[in-house]
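Scroll down for the structure; my scribbles are underneath it.
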Amino acid sequence: MPESEAPDYVVEFDDVSRFYGKTPALDSVSFAVHQGEFFSIIGPSGSGKTTTVRMIAGLDAPTRGTVKLFGKDVATVPPHQRGTPMVFQSYALFPHLNIRDNVAYGLRMRGVSKPERRSRADDLLKLVGLEGLGNRRPEQLSGGQQQRVALARAIATEPRVVLLDEALGALDAALRIEMQVELKRLQQELACSFIHVTHDQSEAIAMADRILVLHDGQSEQIGTPAEVFARPRTRFVAGFVGQNNLMDATPTGVADDGLHRVRTALGEFLAKGSGDHPVILGEPATLIVRADALRRVTPVQTPNHFKGTVAGARYSGTTVTFLVKAADGTEYRMEEPESLSHEESRNGGDRLRIGDEVLVGWDADHAYLMQ
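According to the numbering used here, the sequence shown is numbered sequentially starting from 12.
Okay, here's the thing in structure tokens:
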């Protein structure tokens, strides 16, 4: 059954564009979100993420194309009738109301009786781990607690779709990770759809069932986190998601083991095809090697290697990412476990330092071509 005809989609974009003057914020984008799906939209600033979620909420309208909610065109449906509450980075809590009344605000607007909305609000506060805090004011809570209140308020009316616009952006790193787990648990428990906008790819990979990657208002790829991370379909996605090294390459032949011979500015290497499309010999391609696939080697260990100079290093606790400058001036990232450097030190070896010459390489199975 074609995607647009499937009965379980809660949100559908069909060739949607949004122009501001002559500038496209969104350009011919199509996608659909399943009932009960955690759907993340990622991309750099200006890619169209927030414009997309605002059109779902009814805060903006497409210049052309169709936006559907629950199978119906919502062009004439105002925001308050769409049933798509939005959680913002700023939380947007009412400072003059206590936490319980903040959570119950949507129920109050629907005419729910005071005892019923109080009971429902207390149940939701328990669900998000804030039991017993209903009488406090927003300023008496931490950032993470305020975010939980905003979530409880969003789900109080039992929506089928919840919109999250950079909802975790104001939290510190440790709290963001905690809230990622909480959001995923909450979404699965409620069995509703979360549409989550973020510029943080790791956040999307950790929570989403599927990811839409936007760039300059256009859809670059839609897929599972594993597909987007391990098998990017465009050069932009390969450079944006994960730590991939990209090389301009030209396929020149096929080896006996089925690997492709490719010519690059750094020499001739072996690589796999992407599997999505056949490799066309002689046509321009991109050779993709993940940073954690690069390692220090000797010439006999792998034919895929080049000599470079360590130009920088970034320590992140469990890993060290080295910038290795090749002969053509291009810098490539090599990610090593921090334990490897400690092991070398214990064995009397020297840890890599800026300015050191190093031979780096990778297994052919860890590199692939994209055309």
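Backbone N, C-alpha and C fix where the C-beta goes; we use that ideal spot for every residue, glycine too.
Nonlocal neighbours in the same chain, by C-beta distance under 8 Å from residue 266, ignoring five residues either side: Working through the sequence shown from its first residue, we reach residue 266 at position 255. Closer than 8 Å at the Cβ level, and outside the excluded window around residue 266, lie 272, 281.
So, are the CB atoms of residue 175 and residue 205 less than 8 Å apart? Taking the first residue of the sequence shown as position 1, residue 175 is located at position 164. Taking the first residue of the sequence shown as position 1, residue 205 is located at position 194. The Cβ atoms of residue 175 and residue 205 lie closer than 8 Å to each other.
Measure the C-alpha to C-alpha separation of residue 350 and residue 46 and round it to an integer number of angstroms. Counting from one through the sequence shown, the residue named residue 350 turns up at place 339. Counting from one through the sequence shown, the residue named residue 46 turns up at place 35. As the crow flies, the alpha-carbon of residue 350 is around 43 Å from that of residue 46.
Taking its Cβ as the centre, do 16 or more other Cβ atoms sit within 10 Å of residue 22, making it buried, or is it exposed? Taking the sequence shown and counting its residues from 1, one reaches residue 22 at position 11. With 16 or more Cβ atoms within 10 Å of its Cβ, residue 22 is classed as buried.
Given 8 Å as the limit, is there contact between the segment 21 to 35 and the segment 43 to 60, that is, 3 or more CB pairs closer than that? Three or more beta-carbon pairs separated by less than 8 Å link the segment 21 to 35 to the segment 43 to 60, which places the two stretches in contact.
Since residue 157 is in the alpha helix (DSSP H), which residue starts that stretch and which ends it? Walking along the sequence shown from the start, residue 157 turns up at place 146. For residue 157, the enclosing alpha helix (DSSP H) covers residues 154 to 166.
Assigned secondary structure, residue 105 (DSSP; H/G/I helix, E/B strand, else coil): The sequence position of residue 105 within the sequence shown is 94, counting from 1. Note: residue 105 maps to coil in three-state DSSP.
First and last residue of the beta strand (DSSP E) that includes residue 344? On the sequence shown, position 333 is the one that residue 344 refers to. Element bounds for residue 344: 342 to 348.
Using the Cβ count rule (16 or more neighbours within 10 Å means buried), how would you classify residue 153? Here residue 153 refers to the residue found at position 142 when the sequence shown is read from its first residue. Counting of Cβ neighbours within 10 angstroms places residue 153 among the exposed residues, the total staying below 16.
Whole-number beta carbon distance between residue 151 and residue 102, since they are thought to touch under 8 Å: Counted from its first residue, the sequence shown places residue 102 at position 91. Counted from its first residue, the sequence shown places residue 151 at position 140. Between residue 151 and residue 102 the Cβ distance is about 14 Å, and since that is not below 8 Å, they are no contact.
With C-beta atoms as the reference, is residue 290 less than 8 Å away from residue 380? For the purposes of this step, residue 290 is identified with residue 279 of the sequence shown, where counting begins at 1. For the purposes of this step, residue 380 is identified with residue 369 of the sequence shown, where counting begins at 1. At the C-beta level, residue 290 and residue 380 come within 8 Å of one another.
Cβ distance (whole Å) where residue 325 is taken to contact residue 370 below 8 Å: Numbered from its first residue, the sequence shown carries residue 325 at position 314. Numbered from its first residue, the sequence shown carries residue 370 at position 359. Not confirmed; about 21 Å, so no contact.
Could you please give the first and the last residue of the uninterrupted alpha helix (DSSP H) stretch that includes residue 114? Counted from its first residue, the sequence shown places residue 114 at position 103. Unbroken alpha helix (DSSP H) run through residue 114: 110 to 114.
Assign residue 309 to buried or exposed, taking buried as 16 or more other Cβ atoms, counted over all protein chains shown, within 10 Å of its Cβ. On the sequence shown, residue 309 is found 298 positions in, with the first residue counted as 1. Residue 309 counts as exposed, since fewer than 16 other C-beta atoms from the protein chains shown sit within 10 angstroms of its C-beta.
Of the listed residues 124, 160, 231, 261, nearest to residue 249 (C-alpha basis): Within the sequence shown, the letter at position 238 stands for residue 249. With distances taken between Cα atoms, residue 249 lies closest to 231.
If I follow the unbroken beta strand (DSSP E) through residue 222, where does it start and stop? As a working note, residue 222 is residue 211 in the sequence shown. Per DSSP, residue 222 belongs to the beta strand (DSSP E) from 221 to 226.
Check whether the Cβ atoms of residue 160 and residue 104 lie closer than 8 Å to each other. Start at 1 with the first residue of the sequence shown, and residue 160 comes out as number 149. Start at 1 with the first residue of the sequence shown, and residue 104 comes out as number 93. Result yes, Cβ atoms of residue 160 and residue 104 sit closer than 8 Å.
With residue 337 and residue 270 assumed to form a contact (beta carbons below 8 Å), what rounded beta-carbon distance in angstroms separates them? The residue you call residue 337 lines up with position 326 of the sequence shown. The residue you call residue 270 lines up with position 259 of the sequence shown. Contact doesn't hold; Cβ gap of about 22 Å is too wide.
Tell me the DSSP secondary structure of residue 283 in three-state form. If you number the sequence shown from 1, residue 283 lands on position 272. In the structure shown, residue 283 sits in a strand (DSSP, three-state: E or B).
Could you tell me the alpha carbon to alpha carbon distance between residue 197 and residue 62, rounded to whole angstroms? In the sequence shown, residue 197 corresponds to position 186, counting from 1. In the sequence shown, residue 62 corresponds to position 51, counting from 1. Taking the straight line from one Cα to the other gives about 25 Å.
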